[in-house]
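Structure first, commentary second.
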Amino acid sequence: MLKLVSRFAWTMFAAALAASSAFAAYPDRPITLIVPWGAGGGTDATARIIGSLLEKELGQPVNVVNRTGGSGVVGHSAIAQGAPDGYTLGLITVEIGMMHWQGLTELTGASYTPLGLVNADPAGVQVRADAPYKNLGDLLAAIKANPGKFKASGTGQGGIWHLAIAGMLKDLKIDPASVPWVPSNGAAPGLQDMVAGGVEIVPCSLPEARSLIDAGKVKSLAIMDAHPSGLYPDVPTLKQAAGSDWTMAAWRGMVAPKGIPNDVRNHLATAIKKVYDSKAYKDFMSSRGYGVIYLPPEEFAKFMAKSSNDLGATMKAVGIVK
Amino acid sequence: MADIATAFGMVFQPYTLSVILLSAAFGLLVGAIPGLTATMATALLVPVTFFMPPVPAIAAIVTATAMAIFSGDIPGALMRIPGTPASAAYTDESYAMTRKGQAETVLGADLAFSVIGGLFGTVVLVLSAPQLAEIALKFSSFEYFWLVLLGLSSAVMITVGDPLKGVVSLLLGLLISAIGLDNPAAYPRFTFGSIELLGSVGLIPMMIGMFAISEILRFAVEPQAKAQIFKKQIGNVFRGLWGLFRRYRLQALRGSVLGTVVGALPGAGADIAAWMAYAVSKKLSREPEKFGTGHVEGIVEAGAANNSALAGAWIPALVFGIPGDSITAIVIGVLYIKGMNPGPMIFINHPENIYAVFIVFFLANLLMIPFGWVAIKAAKRILHIPRNILMPIILLFCVVGSFAINNTVFAVSVILVFGLAGYFMEENGYPVAPAILGVILGSMLEENFISSMIKSDGRLLAFFERPIAAGLGILTLLIWFWPLASRGLRTVSRTRT
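Protein chains in written order, with my numbering: chain B, 5 to 326; chain Y, -7 to 489.
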């Protein structure tokens, strides 16, 4: 709290200073980093490590603020509406390419100044450890034999893991509706429900399922990525397990509001690249089991546009958007 | 044995001990400031713990949260502002005691029974974490549905006066919980195109508004009537505690057991534990008519429950990496960063670290006695401040606190709107506490009902098909229909004679 108060006071003080010296070198006052998801989740943890490393890189305090609610709409809007001066940054997530298809917001990846992609975690296919299927083929055969019997969970209706499994089924020429989705408040409640016998499949990322896999309660049958995961190299890719090229990952990237000055953007992009390359960041991400991947601003923009199109096509195919 | 000795060595060294002392002070401060919760204390500590060894990092979080849950009781008792949602269940009762001149008794009881609850939960965590975690993992949406209904029933049980008005207030809370996008179908409801409302109104600003702002309004309307209330206070915080303990040891034990169990269930934490414990206390009390008038019995039980829930929440978190509440959700991340990966193996791979965490749990709860005593001593001075000076300061704290939650002005308007609503409700005999409970449980009720219906393809009977769900369901229905059934039986036996 004291820290909060002192940072607040410091911000006010610095804001007063900045008004008098608008042409001082960037950055000359504390920076706010907005996270659209709650404290304690993976996005929050990633933002906090980036924040503390960016602080050293830029020589100014970086204040991480959680703007939660509305399935991410509230926080993503807050980032886009920030002043384009380089003092408001945000860590946006894959949902930015989904929400606009549902008519929840006008925002897309193009509503921001991209600074760099910093992480991606592919979806997996998890079942209870004592489930009778040895591999993905067994599970798919069981789904085909009993459409509607197997339920999946792990995020909200139309959330990223919902689209991951729906898209996978569609790609394998199985009706996506044959695995009904049970909305949950994230991967942890979904996994718990699966262990309790409530649902059969949780297509969340491997790091999210890690503690229950290690505890011998859950097993992973496949990963929806072109390469095996560093965390569990023995889990086959979807291509190996079922011959499908379908991939899906939740990603996170650093952005600023649209229209920040070019020199400020370059300064930030360089700093974020340095943070990404640092040992502290890599160690942190690997200790949590999170995947690391980097794309510079221009490629990150293209990546977001492609991600949005792929997600939109899947959402139409499974009937989430008409 | 060698591991235990190593663990003691890890805890009782200057660095770890100073981290514990600093986090204790930090936790007390955060808990006592309305709007800042124990969860927020944890989130603020996370960046600091990045640079600490595992044991002090975990110690900082354990100590700060235990202190915060206790100190949340202080502003509740003295100013009718629950410092954390876990204190909301008995805020009115504590405030009534302060008005009767018993501020020390209620704060002393809060402190002593927080310590007892915390120690009880820790003992359970140490002795039977793996077994209890297995049971907690058996809870699916069917079981949670009944649990939430039991929780909602407690709103009616704790209402003083007309139960119907309690139900109306509860329904209002349920309606408010429907606002926003965070519902099973992810469909925006009652948002009127506002982006802020997509994220719902938020429990904490609503709570601050309904309790604190409404009290400030009441003072503003009748400044004289309130001026003379806080008169004689008995002085010593610890006086009479032994008597309380002997009289209410059953209640303290019941509250601790309930708190630990509810805490161990993923998705139900200290706040729900406190509500249920308070309701159980009233239901089973020999003098239920005294509840709501400044009676310490329910505070004993609920105060023990919310602190024992804190330790209970660590059970599934340590054993399976499934968070028992919002605090342990953050803790799990810290455990991974520190290489103490949660799972059954944690007890085998890192026995010395786990023993050290257990020692910290005991230490934090015992430290609560001196720290709490100082905090109460300092906070008590609030009662000597003239009310016409104190009330504007409280208003200022409410505004700053609600702004700090999300750094938005929206939360400030929420506290003002709900302050007005709370004032008019209470002036007309509608209690505000059930509305708060409705907001806490509303979305859980809907989510668990909808998920269960999807899983069972719409068969309502599925709510009775799993053994634990069937037991909870029958219990709920019995509690609901018992008054009706017993009246029916009486009529039948009367007509026969």
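Backbone N, C-alpha and C fix where the C-beta goes; we use that ideal spot for every residue, glycine too.
Between the beta-carbon of Ile361/Y and the beta-carbon of Ser248/Y, is there less than 8 Å?
Taking the first residue of the second sequence as 1, we reach residue 361/Y at position 369. Taking the first residue of the second sequence as 1, we reach residue 248/Y at position 256. Not closer than 8 Å, so no.
Does the CB of Pro193/B have a neighbour CB from chain Y at under 8 Å?
In the first sequence, residue 193/B corresponds to position 189, counting from 1. Pro193/B counts as touching chain Y.
Of all the CB atoms in chain Y, is at least one closer than 8 Å to the CB of Val183/B?
Translated into the one-based positions of the first sequence, residue 183/B becomes position 179. Not an interface residue.
Among Val431/Y, Trp306/Y and Gly364/Y, nearest to Gly23/Y - alpha-carbon criterion
Position 31 of the second sequence, counting from 1, holds the residue named residue 23/Y. Minimum Cα distance to Gly23/Y is reached at Gly364/Y.
For chain B, is any of its Cβ atoms less than 8 Å away from the one on Ala(-6)/Y?
Translated into the one-based positions of the second sequence, residue -6/Y becomes position 2. For Ala(-6)/Y, the answer is no, since every Cβ of chain B falls outside 8 Å of its Cβ.
Check whether chain Y comes within 8 Å of Ala260/B, counting only Cβ atoms and requiring the distance to be less than that.
By 1-based counting over the first sequence, the position of residue 260/B is 256. Output row for Ala260/B: interface = no.
Starting from the N-terminal side, write out each stretch of the beta strand (DSSP E) that is 3 residues or longer and does not extend beyond the stretch 351 to 406 of chain Y.
none
For Ala461/Y and Trp138/Y, believed in contact at Cβ under 8 Å, the rounded distance:
Locating residue 138/Y in the second sequence gives position 146, where the first residue counts as 1. Locating residue 461/Y in the second sequence gives position 469, where the first residue counts as 1. At roughly 6 Å, the Cβ-Cβ gap stays under 8 Å, so Trp138/Y and Ala461/Y are in contact.
DSSP on Thr151/Y, reduced to helix/strand/coil?
Locating residue 151/Y in the second sequence gives position 159, counting from the first residue. The answer is coil: DSSP assigns Thr151/Y none of H, G, I, E or B.
Three-way DSSP call (helix, strand, coil) for Trp255/B in this model:
Here residue 255/B refers to the residue found at position 251 when the first sequence is read from its first residue. Strand.
Please report the Cβ distance between Ala260/B and Tyr116/B, rounded to the nearest whole angstrom; I am assuming they are in contact, meaning their Cβ atoms lie under 8 Å.
As a first step, residue 260/B must be located in the first sequence, where it is residue number 256. As a first step, residue 116/B must be located in the first sequence, where it is residue number 112. Between Tyr116/B and Ala260/B the Cβ distance is about 7 Å, and since that is below 8 Å, they are a contact.
Which residues in the same chain as Ser169/Y place their Cβ atom closer than 7 Å to its Cβ, once the five residues preceding and following it in sequence are excluded?
By one-based count along the second sequence, residue 169/Y stands at place 177. Result list for Ser169/Y: Gly430, Val431, Gly434 and Ser435, in chain order.
By the three-class DSSP mapping on this structure, what secondary structure does Gln220/Y have?
Taking the first residue of the second sequence as 1, we reach residue 220/Y at position 228. Because the pLDDT of Gln220/Y is 48, which lies under 50, any placement of that residue in the model is unreliable, and the question is left without a value.
What's the gap between the Cα of Ser312/B and the Cα of Lys277/B?
As a first step, residue 312/B is located in the first sequence; it is residue number 308 there, counting from the start. As a first step, residue 277/B is located in the first sequence; it is residue number 273 there, counting from the start. Going by the C-alpha atoms only, they are around 24 Å apart.
Assuming Thr318/B is part of the alpha helix (DSSP H), what are its boundary residues?
Within the first sequence, numbered from 1, the residue matching residue 318/B stands at position 314. Its alpha helix (DSSP H) spans residues Pro301 to Ala321.
What do you get for Leu195/B, buried or exposed, if any count of 16 or more other CB atoms within 10 angstroms of its CB means buried?
Along the first sequence, read from residue 1 onward, the residue named residue 195/B stands at position 191. Counting Cβ neighbours within 10 Å, Leu195/B comes out buried, since at least 16 surround it.
Buried or exposed (CB count within 10 angstroms, at least 16 for buried), Pro265/B:
The residue you call residue 265/B lines up with position 261 of the first sequence. So Pro265/B counts as exposed.
Run down chain Y in chain order and give the residues with a C-beta less than 9 Å from the C-beta of Arg71/B.
Here residue 71/B corresponds to residue number 67 of the first sequence, with the count starting at 1. In chain order: Gly191, Asn398, Asn399 and Thr400.
Check Trp474/Y in the structure and name its three-state DSSP category.
Here residue 474/Y refers to the residue found at position 482 when the second sequence is read from its first residue. Helix at Trp474/Y.
What's the gap between the Cα of Gly110/Y and the Cα of Ala244/Y?
Taking the second sequence and counting its residues from 1, one reaches residue 110/Y at position 118. Taking the second sequence and counting its residues from 1, one reaches residue 244/Y at position 252. Rounded to the nearest angstrom, the two C-alpha atoms are 11 Å apart.
Neighbour-count burial assignment, Thr36/B, 16 or more Cβ in a 10 Å radius:
Numbered from its first residue, the first sequence carries residue 36/B at position 32. With 16 or more other Cβ atoms within 10 Å, it is buried.
Distance CB(Ala104/Y)-CB(Leu233/Y) smaller than 8 Å:
Reading the second sequence from its first residue, position 112 is the one you call residue 104/Y. Reading the second sequence from its first residue, position 241 is the one you call residue 233/Y. Yes; because the gap between Cβ atoms is below 8 Å, this pair is in contact.
Can you find a CB in chain Y that lies within less than 8 Å of the CB of Phe154/B?
As a first step, residue 154/B must be located in the first sequence, where it is residue number 150. Chain Y, which has no Cβ nearer than 8 Å to the Cβ of Phe154/B, makes this no.
Quick one: what does DSSP say Arg506/Y is sitting in, helix, strand or coil?
Past the boundaries of the shown model lies residue 506/Y; chain Y is included only from -7 to 489, so the question cannot be answered.
Give a yes or no on whether the minimum CB-CB distance between Thr8/Y and chain B is below 8 Å.
By 1-based counting over the second sequence, the position of residue 8/Y is 16. Closer than 8 Å: no.
Secondary structure of Asp125/B, DSSP reduced to three states:
As a working note, residue 125/B is residue 121 in the first sequence. Strand, per DSSP.
Just to confirm before moving on: does the CB-CB distance between Glu548/Y and Arg241/Y stay below 8 Å?
Lying outside -7 to 489, the shown extent of chain Y, residue 548/Y is not represented and no answer is given.
Any C-beta of chain Y under 8 Å from that of Pro187/B
Translated into positions along the first sequence, residue 187/B becomes position 183. Yes - at least one Cβ of chain Y is within 8 Å of the one on Pro187/B.
When you check each C-beta in the stretch 127 to 148 of chain Y against every C-beta of chain B, which residues fall closer than 7 Å?
Leu129, Lys130, Phe131, Ser132 and Ser133
Here's the rule: buried if 16 or more other CB atoms are within 10 angstroms of the residue's CB, otherwise exposed. What is Gln106/B?
Taking the first sequence and counting its residues from 1, one reaches residue 106/B at position 102. With 16 or more other Cβ atoms within 10 Å, it is buried.
Once the 5 residues before and after Ile374/Y are set aside, which same chain residues still bring their CB inside 6 Å of it?
As a working mapping, residue 374/Y is identified with position 382 in the second sequence. Excluding positions up to five away in sequence, the list reads Leu70.
Three-state class that DSSP yields for Val159/Y in the structure shown
Start at 1 with the first residue of the second sequence, and residue 159/Y comes out as number 167. DSSP places Val159/Y in helix when its eight states are reduced to three.
Once the 5 residues before and after Phe283/Y are set aside, which same chain residues still bring their CB inside 6 Å of it?
As a working mapping, residue 283/Y is identified with position 291 in the second sequence. Excluding residues within five positions, the ones whose Cβ falls inside 6 Å are Lys274 and Gly290.
Could you tell me whether the Cβ of Glu279/Y comes closer than 8 Å to any Cβ of chain B?
The residue labelled residue 279/Y in the question sits at position 287 within the second sequence. Chain B, which has no Cβ nearer than 8 Å to the Cβ of Glu279/Y, makes this no.
For the stretch 41 to 56 of chain Y against the stretch 71 to 85 of chain Y, are there 3 or more C-beta pairs whose distance is under 8 Å?
no
Per DSSP, cross-strand counterpart(s) of Ile96/B
Looking up residue 96/B in the first sequence gives position 92. Answer is Gly257/B.
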